[in-house]
Amino acid sequence: MFVSKTLCCADDVAYIDVETRERKRYCLELTEAGLGVVGCAFDQVDDHLQTPYHETVYSLLDVLSPAYREAFGNALLQRLETEKGWTVMTKFFQLEGLLLVHMLT
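Here the numbering used here runs 416 ahead of the position in the sequence shown, where the first position is 1.
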């Protein structure tokens, strides 16, 4: 992830190039509205592309990259399992592409 070297940034907008774990490339626009995909390649703005804006890069990556979502979930589970006082039992359910984790203490 890096700031675009070819697209001009201003006080109220910046363009960020990002490559997902699946090796897909995107150009993101960062404004006060949040982060949104504006192109499907580095340094590319497609005016016809209409995607929702996200408040954080994490919520955007959760939508763009199933591998990111899986890695984040695995890291979270690992962290919870190492916390003192937690007994974590997990059940995974695949429902419409969402990974649901049930934890019991």
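Where is the CB? At the ideal position from N, CA and C, for every residue including glycine. Keep in mind that this is a model prediction, so the values were computed, not measured.
Problem - Per-residue burial, Leu480 [other beta carbons within 10 Å of its own, 16 or more giving buried] - result: Residue mapping note: residue 480 aligns to position 64 of the sequence shown, counting from 1. Buried: at least 16 other Cβ atoms inside 10 Å.
Handout entry: Contacts around Gly450, its chain only, beta-carbon distance under 7 Å, and the 5 residues preceding and following it disregarded
Key = Translated into the one-based positions of the sequence shown, residue 450 becomes position 34. If we look at Gly450 and ignore the five residues flanking it on each side, its Cβ neighbours are Tyr469, His470, Glu471.
Handout entry: Cα-Cα separation between Leu477 and Arg485, rounded to whole angstroms
Key = Here residue 477 is taken as the residue at index 61 of the sequence shown, counted from 1. Here residue 485 is taken as the residue at index 69 of the sequence shown, counted from 1. Whole-angstrom Cα-Cα distance: 7 Å.
Handout entry: Proximity below 8 Å, CB of Asp433 to CB of Glu448
Key = In the sequence shown, residue 433 corresponds to position 17, counting from 1. In the sequence shown, residue 448 corresponds to position 32, counting from 1. Going by C-beta atoms, Asp433 is not nearer than 8 Å to Glu448.
Exercise for the section: List the DSSP bridge partners of Asp433. Expected result: Taking the first residue of the sequence shown as 1, we reach residue 433 at position 17. DSSP lists Phe418, Cys443 as partners of Asp433.
Exercise for the section: Give the straight-line distance between the Cα atoms of Leu444 and Asn490, rounded to the nearest whole angstrom. Expected result: Residue 444 sits at position 28 when you count from the first residue of the sequence shown. Residue 490 sits at position 74 when you count from the first residue of the sequence shown. Using only the alpha carbons, I get a separation of about 26 Å.
Problem - Integer-rounded CB distance, given that Thr422 should sit under 8 Å from Val459 - result: Translated into the one-based positions of the sequence shown, residue 459 becomes position 43. Translated into the one-based positions of the sequence shown, residue 422 becomes position 6. Residue identity check: residue 459 is Asp in the sequence provided, not Val. The Cβ separation is near 4 Å, so the contact holds.
Problem - Member of Arg439, Val473, Arg437, Glu438 whose CA lies at the smallest distance from the CA of Val453 - result: Counting from one through the sequence shown, the residue named residue 453 turns up at place 37. For Val453, the closest of Arg439, Val473, Arg437, Glu438 by C-alpha to C-alpha distance is Val473.
Practice task
Could you spell out the range, first to last residue, of the alpha helix (DSSP H) harbouring Val473?
Solution key: If you number the sequence shown from 1, residue 473 lands on position 57. Looking at the DSSP string, the run of the alpha helix (DSSP H) that includes Val473 is 473–480.
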